[in-house]
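A.B. asks: Please read through the structure below; I'll follow up with questions.
There are 2 protein chains.
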Amino acid sequence: MKASQFLISTLKEAPADAEVVSHRLMTRAGMIKKLGAGIYTYMPMGLRVIRKVEAIVREEMNRAGAIECTMPVVQPAELWQETGRFEKMGPELLRIKDRHERDFIVQPTSEEVVTDIARQEFRSYKQLPRNLYQIQTKFRDERRPRFGLMRGREFIMKDAYSFDRDAASAKASYERMAQAYRRIFDRFGLRYRAVAADSGAIGGDLSEEFQVIAATGEDAIVYCPDSDYAANLEKAEALAPRSDRPAACAALVRTPTPGKSTCPDVAQLLGVPLATTVKSIVLATDRLDGAGQVAGTQIWLLLLRGDHDMNEVKVAKLPGLDAGFRFATAPEIVEHFGAKPGYLGPVGLKRPVQVVADRDVAVMADWICGANEEDFHLTGVNWGRDLPEPAVVADIRNVIEGDPSPDGKGPLAIERGIEVGHVFYLGTKYSRAMNATFLDEAGKPQFMEMGCYGIGITRLPAAAIEQNHDERGIIWPDAIAPFTVVICPIGMDRSAAVREAAETLHDRLAASGVDVLLDDRGERPGAMFADWELIGVPHRVVISDRGLGEGQLEYQHRRDSAATKVAASGIVDFLQNRLKP
Amino acid sequence: MKASQFLISTLKEAPADAEVVSHRLMTRAGMIKKLGAGIYTYMPMGLRVIRKVEAIVREEMNRAGAIECTMPVVQPAELWQETGRFEKMGPELLRIKDRHERDFIVQPTSEEVVTDIARQEFRSYKQLPRNLYQIQTKFRDERRPRFGLMRGREFIMKDAYSFDRDAASAKASYERMAQAYRRIFDRFGLRYRAVAADSGAIGGDLSEEFQVIAATGEDAIVYCPDSDYAANLEKAEALAPRSDRPAACAALVRTPTPGKSTCPDVAQLLGVPLATTVKSIVLATDRLDGAGQVAGTQIWLLLLRGDHDMNEVKVAKLPGLDAGFRFATAPEIVEHFGAKPGYLGPVGLKRPVQVVADRDVAVMADWICGANEEDFHLTGVNWGRDLPEPAVVADIRNVIEGDPSPDGKGPLAIERGIEVGHVFYLGTKYSRAMNATFLDEAGKPQFMEMGCYGIGITRLPAAAIEQNHDERGIIWPDAIAPFTVVICPIGMDRSAAVREAAETLHDRLAASGVDVLLDDRGERPGAMFADWELIGVPHRVVISDRGLGEGQLEYQHRRDSAATKVAASGIVDFLQNRLKP
Chain A
1 MKASQFLIST
11 LKEAPADAEV
21 VSHRLMTRAG
31 MIKKLGAGIY
41 TYMPMGLRVI
51 RKVEAIVREE
61 MNRAGAIECT
71 MPVVQPAELW
81 QETGRFEKMG
91 PELLRIKDRH
101 ERDFIVQPTS
111 EEVVTDIARQ
121 EFRSYKQLPR
131 NLYQIQTKFR
141 DERRPRFGLM
151 RGREFIMKDA
161 YSFDRDAASA
171 KASYERMAQA
181 YRRIFDRFGL
191 RYRAVAADSG
201 AIGGDLSEEF
211 QVIAATGEDA
221 IVYCPDSDYA
231 ANLEKAEALA
241 PRSDRPAACA
251 ALVRTPTPGK
261 STCPDVAQLL
271 GVPLATTVKS
281 IVLATDRLDG
291 AGQVAGTQIW
301 LLLLRGDHDM
311 NEVKVAKLPG
321 LDAGFRFATA
331 PEIVEHFGAK
341 PGYLGPVGLK
351 RPVQVVADRD
361 VAVMADWICG
371 ANEEDFHLTG
381 VNWGRDLPEP
391 AVVADIRNVI
401 EGDPSPDGKG
411 PLAIERGIEV
421 GHVFYLGTKY
431 SRAMNATFLD
441 EAGKPQFMEM
451 GCYGIGITRL
461 PAAAIEQNHD
471 ERGIIWPDAI
481 APFTVVICPI
491 GMDRSAAVRE
501 AAETLHDRLA
511 ASGVDVLLDD
521 RGERPGAMFA
531 DWELIGVPHR
541 VVISDRGLGE
551 GQLEYQHRRD
561 SAATKVAASG
571 IVDFLQNRLK
581 P
Chain B
1 MKASQFLIST
11 LKEAPADAEV
21 VSHRLMTRAG
31 MIKKLGAGIY
41 TYMPMGLRVI
51 RKVEAIVREE
61 MNRAGAIECT
71 MPVVQPAELW
81 QETGRFEKMG
91 PELLRIKDRH
101 ERDFIVQPTS
111 EEVVTDIARQ
121 EFRSYKQLPR
131 NLYQIQTKFR
141 DERRPRFGLM
151 RGREFIMKDA
161 YSFDRDAASA
171 KASYERMAQA
181 YRRIFDRFGL
191 RYRAVAADSG
201 AIGGDLSEEF
211 QVIAATGEDA
221 IVYCPDSDYA
231 ANLEKAEALA
241 PRSDRPAACA
251 ALVRTPTPGK
261 STCPDVAQLL
271 GVPLATTVKS
281 IVLATDRLDG
291 AGQVAGTQIW
301 LLLLRGDHDM
311 NEVKVAKLPG
321 LDAGFRFATA
331 PEIVEHFGAK
341 PGYLGPVGLK
351 RPVQVVADRD
361 VAVMADWICG
371 ANEEDFHLTG
381 VNWGRDLPEP
391 AVVADIRNVI
401 EGDPSPDGKG
411 PLAIERGIEV
421 GHVFYLGTKY
431 SRAMNATFLD
441 EAGKPQFMEM
451 GCYGIGITRL
461 PAAAIEQNHD
471 ERGIIWPDAI
481 APFTVVICPI
491 GMDRSAAVRE
501 AAETLHDRLA
511 ASGVDVLLDD
521 RGERPGAMFA
531 DWELIGVPHR
541 VVISDRGLGE
551 GQLEYQHRRD
561 SAATKVAASG
571 IVDFLQNRLK
581 P
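Protein chains in written order, with UniProt numbering: chain A, 1 to 581; chain B, 1 to 581.
Structural data, given as structure tokens:
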């Protein structure tokens, strides 16, 4: 490819709304162009990256036995009504009426359509297992689209769906996909982690996220440097403390803490460690009558150590809270505690409140909490002596750095990640809702066991950039670079020797299958180098009259701080060596 | 590829709503699956065909210097409001409101978006010419979607857009695309014609349709077997008659024709050739006042020979009718002619009517038309004698078989075609509407000259089938077959020799780049052959114990009536010879 036949369009300045580096660099490198909020044209330079991502994903999906099809972008609402998602999903589901006022949606994902195909196609156990996938445009009407391709509204996703005759087979299908994902992410050349994720109502451990490691990632990833353990923060278990509760030493004291409504403020005022304080979080659950009216409300008090944060996913699994909960309103709090938030605690409750103590709180002695009186806290609080033992003790917190790993292998570490893939065992959730059955050996209908597997095709390049960039621009891994090698001739318009050397090298590399671009635009060296450093092509060869006079070219990897002289005669071998995976 | 790892799903019966053979066969062959009216999933077998179509198109577009990008499916209405198409387009434009009640559309095409890109990117004459294209999902909310992929609502289109500095350069870009299209359609292995099409308001001859020839096609294609002339019916000129008008011979007679309200009925009743009758078509044009109210109406009488049909495209170009016209209402007709339709004519008009005679009518003598009186016609009508010479004489009819070719090379023939591609010179229509300018050498802003170029990627396979099928199923050209070769082993489960021969042949062909499928499903020969004849794989090799005993395999092309025995040792060479383009 020659630059003069391609569209290279770099910008000095990033758009004002570009908050993250990948958005800034993809825009400046001319890879994407904004059309509307969260809606981008994939410009030629960006599309090359996307196509490389797609090709790797397609190859590995096919290798793993998945079969490609393409489902419609615009889908009739009927199927989505069968599963109830047409009503249940919020405004992120883009709803349309056609010319006949019939309801349609723009696909955010395709469980309904693929399950409809499966129930028509897979009638016998002999036809299972099957895995269908597509690489296709999706739309989610995000409330606040941002970060360029990272959280767009329109995007490209690879979504695969497996259908199996039983749970054991479904889990084997799941494992095959999880392995394919590892191969895919290995091939991308990115640092990533496969982390256990919460599998919601389905239960079990069969849900993993593939997170590209990046300091700017939105997700917290928990891992054990001494073992294979890795999970997302939602999922990671905080082990029960190994030590027993110490004996009570201090007396219960009502202590003035004027204006100090947070644990850190109280700890600072009293000169004690934050870990001796307990924070109170008040939730509510509503009981509905037959007509859907609220017939009664239960108030819950969750107790967490002052240096810990609540984990909503864990809380949502507790009996009594697993059908949905909300934060209590200010009037409800005052009614039950007699005080406003910031000064609440579990001691001396007059109204019935369900107390849930985090496992770490349950082993504390001599702790500090709100006195249920404005501007006062209690110190020296002790379970059993000052208040009843907690009715429920559970893991309801996020782990923190240094917590013991659930596999017992050492302290946990936390880093940031960007979710680019997810494998998920679905069980019979969709097949039951849509009556997708097959006949087993006995001729009896059985629900299909399903799994679903996504990769954010257009998010991946953004994640790759968040991980691989410097102040000059993008640094692509070879596998997904828009071009692998760029040839920068200096003075090509003046020097026949340079032109000939550049074109010969271009043709030889192209003939041997290298994805090479010859920059024949005639830009000056500074501007030309700046462009390619911004665009992030990993391998650069500079050809100049001076170099050719010495029989040499200059090679520089995008990560190198200086160029290497290479004999002109050996450049193809040299590059092919560098390009070996 | 092995059949057991693929999804093969054939049906004995076609769906009741499948009116055309391609729809029936694509559904029965498991290539498409209907999700809603005009909305289909491309199943694995069908997607393979679509991908081959895409690959050929992409290769030739790149070869012609076009650059691929991908524009969004969901597009903000603003750009469509700039050109006025958001309002002007009918309900086939699928309109959406997002969660913030902002207007969007699902792209039916992308002139607005690409022109928006061009006006941002191409600021200088040095950056032109450029051609950007995409292969992307489109949606048109057809009033009556039908014929499967032939007239779907959601479909895949390749749309390219060229930007040039002046008309001469734009025409060169147009020609480059027209040539690329010829290469593309040649490579598909289909019989097709590139026909001149009407270029609407732009004028000139720079619009061609690429029509796949098929008896079931919706379009009529006019061509001259003795020359290169080809045009669609809308465009093809009916030459002015070479002969002068004969002298009047007959007297004008008011002739009773009770109940005979059509030219054929009248000709039959009177025992005269249909070509001696003249049909009257009454149109109306409304003049609007400043407030958009109808301030006046002009009635038009179009006269065509009884065996000719009106050509609305030609009519719409006549002065006075070129701003839009409608058919006159029944009251308007009665008011101006004193009679109802079926008995109208140009003789003895009492109210002002603008008469337009087709060129063939203008040279008629002793003709027959309605008497403006129910159940009566006039015979022996003659221009000048019985009524004034026509105010306007023009070509307003469709050509018919046998008409002289406009290039003077012989009589015209007509066949049916399916439009699968269109190249179109747009001029500055969109660049003016959207103020897409570049700076010329003098630093002066100039509007870009544009062209647009479409190929119906998902319609193409349907057109290929309309042209290439028999009673047993589809007959794919090699270039776009889902598989090029199918290996059908007989008794593979019983015979190790058959299995080994089949697998060896599969592996050898696959290794040499042949797109081969081994049918290892274990179906019985009859069912297996029926499947592949339905699916339409062009080359079949049958391997059996009996044949292997003689050192032979059986080869049969899908069009062959019988198999050919081929030495097992020479089968790969044999096939590669057959597969040469």
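Cβ coordinates follow ideal geometry from the N, Cα and C atoms, glycine included.
May I ask you to list, following chain order, the residues of the region 74 to 100 of chain B that have a beta carbon less than 7 Å from some beta carbon of chain A?
C.D. replies: Under the 7 Å Cβ criterion, the region 74 to 100 of chain B contributes VAL74, GLN75, PRO76, PRO91, LEU94, ILE96, ASP98 and ARG99.
A.B. asks: Under 8 Å, with one C-beta from each stretch per pair, do the region 216 to 229 of chain A and the region 388 to 408 of chain A reach the 3-pair mark?
C.D. replies: With the cut-off at 8 Å, the region 216 to 229 of chain A and the region 388 to 408 of chain A touch.
A.B. asks: Chain A partners of ARG254(B), CB-CB under 7 Å?
C.D. replies: Within the second sequence, numbered from 1, the residue matching residue 254(B) stands at position 254. Under the 7 Å cutoff, chain A gives no residues; its nearest Cβ is about 50 Å from ARG254(B).
A.B. asks: Would you call the region 208 to 216 of chain B and the region 461 to 476 of chain B in contact, with 3 or more CB pairs under 8 Å?
C.D. replies: Judged by Cβ distances under 8 Å, the region 208 to 216 of chain B makes contact with the region 461 to 476 of chain B, as three or more pairs qualify.
A.B. asks: Should LEU304(B) and ALA295(B) be called a contact, given that it needs their Cβ atoms to be closer than 9 Å?
C.D. replies: If you number the second sequence from 1, residue 304(B) lands on position 304. If you number the second sequence from 1, residue 295(B) lands on position 295. Their beta carbons are not under 9 Å apart, which means LEU304(B) does not touch ALA295(B) by this criterion.
A.B. asks: Which partner residues of THR437(A) appear in the DSSP bridge assignment?
C.D. replies: Locating residue 437(A) in the first sequence gives position 437, counting from the first residue. Note: THR437(A) sits in a beta bridge opposite PHE447(A).
A.B. asks: Could you give the first and the last residue of the continuous beta strand (DSSP E) run that contains ARG305(A)?
C.D. replies: Translated into the one-based positions of the first sequence, residue 305(A) becomes position 305. It spans 294 to 305 - the beta strand (DSSP E) in which ARG305(A) sits, taken as one unbroken run.
A.B. asks: Out of ARG499(A), VAL266(A) and GLY473(A), which one is the CA nearest neighbour of ALA14(A)?
C.D. replies: Translated into the one-based positions of the first sequence, residue 14(A) becomes position 14. Per the Cα distances, GLY473(A).
A.B. asks: So PHE122(A) is in the beta strand (DSSP E); what residue range does that whole segment cover?
C.D. replies: The residue you call residue 122(A) lines up with position 122 of the first sequence. Neither: PHE122(A) is in no beta strand (DSSP E) and is coded neither H nor E.
A.B. asks: Taking Cβ-Cβ distances below 7 Å as the criterion, which residues of the region 158 to 171 of chain B are in contact with chain E?
C.D. replies: The chain labelled as chain E is not found among the protein chains of the depicted structure, namely A and B.
A.B. asks: Relative to the alpha-carbon of ASP470(B), which residue among TRP532(B), SER243(B) and GLY513(B) has its alpha-carbon at the smallest distance?
C.D. replies: One-based indexing of the second sequence puts residue 470(B) at position 470. Checking every option, the nearest Cα to that of ASP470(B) belongs to TRP532(B).
A.B. asks: Would you tell me roughly how many angstroms separate the C-alpha atoms of VAL74(A) and LEU94(B), rounded to the nearest one?
C.D. replies: As a first step, residue 74(A) must be located in the first sequence, where it is residue number 74. As a first step, residue 94(B) must be located in the second sequence, where it is residue number 94. Roughly 10 Å separates the two Cα atoms.
A.B. asks: When you check each C-beta in the region 23 to 39 of chain A against every C-beta of chain B, which residues fall closer than 8 Å?
C.D. replies: If the cut-off is 8 Å between Cβ atoms, the region 23 to 39 of chain A has LYS33, LEU35, GLY36 and ILE39 near chain B.
A.B. asks: To which residues of the same chain is residue 583(B) closer than 8 Å at the C-beta, ignoring the five residues directly before and after it?
C.D. replies: As shown, chain B starts at 1 and ends at 581. That puts residue 583(B) outside it, with no answer to give.
A.B. asks: Helix, strand or coil: which one does DSSP assign to PRO256(A)?
C.D. replies: Residue 256(A) sits at position 256 when you count from the first residue of the first sequence. In this structure, PRO256(A) counts as strand in the three-state DSSP scheme.
A.B. asks: According to DSSP, which residues form a beta bridge with HIS506(B)?
C.D. replies: Taking the second sequence and counting its residues from 1, one reaches residue 506(B) at position 506. Looking at the DSSP assignment, HIS506(B) forms no beta bridge with any residue, so it has no partner.
A.B. asks: Between SER207(A), GLU500(A) and HIS506(A), which has its C-alpha nearest ALA230(A)'s C-alpha?
C.D. replies: Here residue 230(A) refers to the residue found at position 230 when the first sequence is read from its first residue. The candidate whose alpha carbon is nearest that of ALA230(A) is SER207(A).
A.B. asks: If the cut-off is 8 Å on Cβ atoms, which residues from the region 1 to 13 of chain A count as contacting chain B, listed in chain order?
C.D. replies: Answer in chain order: GLN5, PHE6, LEU7 and SER9.
A.B. asks: State the start and end residues of the unbroken beta strand (DSSP E) segment that holds ALA284(B).
C.D. replies: Looking up residue 284(B) in the second sequence gives position 284. Element bounds for ALA284(B): 278 to 288.
A.B. asks: Since ASN372(B) and LEU344(B) should fall inside the 8 Å C-beta cutoff, what is the C-beta to C-beta distance between them, to a whole number of angstroms?
C.D. replies: Translated into the one-based positions of the second sequence, residue 372(B) becomes position 372. Translated into the one-based positions of the second sequence, residue 344(B) becomes position 344. The Cβ separation is near 6 Å, so the contact holds.
A.B. asks: Under DSSP, the beta strand (DSSP E) around TRP367(A) begins and ends at which residues?
C.D. replies: Looking up residue 367(A) in the first sequence gives position 367. It spans 367 to 373 - the beta strand (DSSP E) in which TRP367(A) sits, taken as one unbroken run.
A.B. asks: Consider the Cβ of GLN179(B): report whether some Cβ of chain A lies at a distance smaller than 9 Å.
C.D. replies: Walking along the second sequence from the start, residue 179(B) turns up at place 179. Chain A, which has no Cβ nearer than 9 Å to the Cβ of GLN179(B), makes this no.
A.B. asks: When burial is assigned at 16 or more other CB atoms within 10 Å of the CB, is ALA55(B) buried or exposed?
C.D. replies: If you number the second sequence from 1, residue 55(B) lands on position 55. ALA55(B) should be labelled exposed.
A.B. asks: Pull up the CB-CB distance for THR484(B) and PRO538(B), whole angstroms please, since I reckon it's below 8 Å.
C.D. replies: In the second sequence, residue 484(B) corresponds to position 484, counting from 1. In the second sequence, residue 538(B) corresponds to position 538, counting from 1. So it is a contact: roughly 7 Å between Cβ atoms.
A.B. asks: Excluding the 5 residues flanking ILE535(B) on each side, which residues of the same chain have their C-beta closer than 6 Å to its C-beta?
C.D. replies: Numbered from 1 along the second sequence, position 535 holds the residue referred to as residue 535(B). Same-chain partners within the cutoff: ALA29.
A.B. asks: Is ILE135(B) closer than 9 Å to ARG457(B) when the C-beta atoms are compared?
C.D. replies: Here residue 457(B) is taken as the residue at index 457 of the second sequence, counted from 1. Here residue 135(B) is taken as the residue at index 135 of the second sequence, counted from 1. The residue you asked about is not Arg; residue 457(B) is Ile in the sequence shown. Their beta carbons are under 9 Å apart, which means ILE457(B) touches ILE135(B) by this criterion.
A.B. asks: When the cut-off is 9 Å and only beta carbons count, does THR41(A) lie next to chain B?
C.D. replies: The residue labelled residue 41(A) in the question sits at position 41 within the first sequence. Cβ-Cβ to chain B under 9 Å: yes for THR41(A).
A.B. asks: Nearest to SER280(A) by alpha carbon, out of LEU349(A), PRO319(A) and PRO581(A)?
C.D. replies: Numbered from its first residue, the first sequence carries residue 280(A) at position 280. The residue with the shortest Cα to Cα distance from SER280(A) is LEU349(A).
A.B. asks: Residues of chain A with CB closer than 8 Å to the CB of VAL113(B), please, in chain order.
C.D. replies: Translated into the one-based positions of the second sequence, residue 113(B) becomes position 113. What VAL113(B) touches in chain A: LEU35 and THR41.
A.B. asks: Between the region 63 to 74 of chain B and chain A, which residues of the former have CB atoms less than 8 Å from a CB of the latter, in chain order?
C.D. replies: For the region 63 to 74 of chain B, which is checked against every Cβ of chain A, the residues closer than 8 Å are GLY65, ILE67, GLU68, CYS69, THR70, MET71, PRO72, VAL73 and VAL74.
A.B. asks: Hey, MET434(A) and THR70(A): beta-carbon distance below 9 Å or not?
C.D. replies: Position 434 of the first sequence, counting from 1, holds the residue named residue 434(A). Position 70 of the first sequence, counting from 1, holds the residue named residue 70(A). No, Cβ-Cβ distance for MET434(A) and THR70(A) is not below 9 Å.
A.B. asks: From which residue to which residue does the alpha helix (DSSP H) around PHE529(A) run?
C.D. replies: As a first step, residue 529(A) must be located in the first sequence, where it is residue number 529. Its alpha helix (DSSP H) spans residues 525 to 535.
A.B. asks: Could you tell me which whole beta strand (DSSP E) segments of length 3 or greater appear in the region 530 to 571 of chain A?
C.D. replies: List check, beta strand (DSSP E) in window: 539 to 543, 552 to 557 and 564 to 567.
A.B. asks: Could you tell me the alpha carbon to alpha carbon distance between GLU441(B) and LYS126(B), rounded to whole angstroms?
C.D. replies: Counting from one through the second sequence, the residue named residue 441(B) turns up at place 441. Counting from one through the second sequence, the residue named residue 126(B) turns up at place 126. Approximately 9 Å, taken between the alpha carbons.
A.B. asks: Which residues of chain A have a Cβ atom closer than 7 Å to the Cβ of PRO44(B), listed in chain order?
C.D. replies: Within the second sequence, residue 44(B) is the residue found at index 44, counting from 1. Under the 7 Å cutoff, chain A gives ILE67, GLU68 and CYS69.
A.B. asks: Put GLY148(B) into one of helix, strand or coil per three-state DSSP.
C.D. replies: What you label residue 148(B) is simply residue 148 of the second sequence in a count that begins at 1. If DSSP states are grouped into helix, strand and coil, GLY148(B) belongs with the helices.
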